[in-house]
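Let me begin by presenting the structure, written as structure tokens, before commenting on it.
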Amino acid sequence: MPCRSILLDQAFTRVLALEYSKRNLRAVCVSPGGIETAMTYSLLDVPPDIDPSLLSKMAPAIGPLLGAPEMVAGVVAMVASEDGEFITGTTIHVDGGAHI
Numbered sequence: 432m433p434c435r436s437i438l439l440d441q442a443f444t445r446v447l448a449l450e451y452s453k454r455n456l457r458a459v460c461v462s463p464g465g466i467e468t469a470m471t472y473s474l475l476d477v478p479p480d481i482d483p484s485l486l487s488k489m490a491p492a493i494g495p496l497l498g499a500p501e502m503v504a505g506v507v508a509m510v511a512s513e514d515g516e517f518i519t520g521t522t523i524h525v526d527g528g529a530h531i
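Residue 432 is where the sequence shown starts when you use our numbering, and the numbers rise one by one after that.
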């Protein structure tokens with residue numbers, strides 16, 4: 432179950448969407464997963480007791496462990512553009528399916 436703050440963010444997004452739709456404004460929550468940043472580089476280190484070949488065998492099934500910042504930026508740009516004009520009151524997960 433998502434933590435309480437995530438549920439509150441989603442509820443807040445819906446309330447904003449309802450309230451501001453009268454002014455032709457939209458509210459969308461973009462929820463990124465693990466993204467490659469200076470802070471997350473240490474997460475890429477494989478512990479010495481794990482066989483690295485196992486991770487490479489799993490990679491096609493689970494996808495990349497971390498996404499690029501450009502992946503999140505692309506979603507935000509789309510939502511902010513005319514292509515996203517029919518999107519409001521929802522959460523878009525940009526996490527490679529990790530939330531499933």
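Cβ coordinates follow ideal geometry from the N, Cα and C atoms, glycine included. Here the structure is a predicted model, which is why all the values come from computation and not from measurement.
**Prompt:** In chain order, what residues of the same chain have a beta carbon less than 8 Å from the beta carbon of alanine 529, not counting five sequence neighbours either side?
**Reply:** Gly464, Gly465
**Bridge-paired residues (DSSP) for proline 463** = Val525
**Request:** Work out the CA separation of valine 525 and proline 491 for me, nearest whole Å.
**Result:** In this predicted model, proline 491 has a pLDDT of only 49, less than 50, meaning its place in the structure is not dependable; the value taken from the coordinates is given anyway. Taking the straight line joining both Cα atoms gives about 18 Å.
**Request:** Assign isoleucine 531 to buried or exposed, taking buried as 16 or more other Cβ atoms, counted over all protein chains shown, within 10 Å of its Cβ.
**Result:** exposed
**Request:** Please name the residue or residues paired with glycine 498 in a DSSP beta bridge.
**Result:** Ile466
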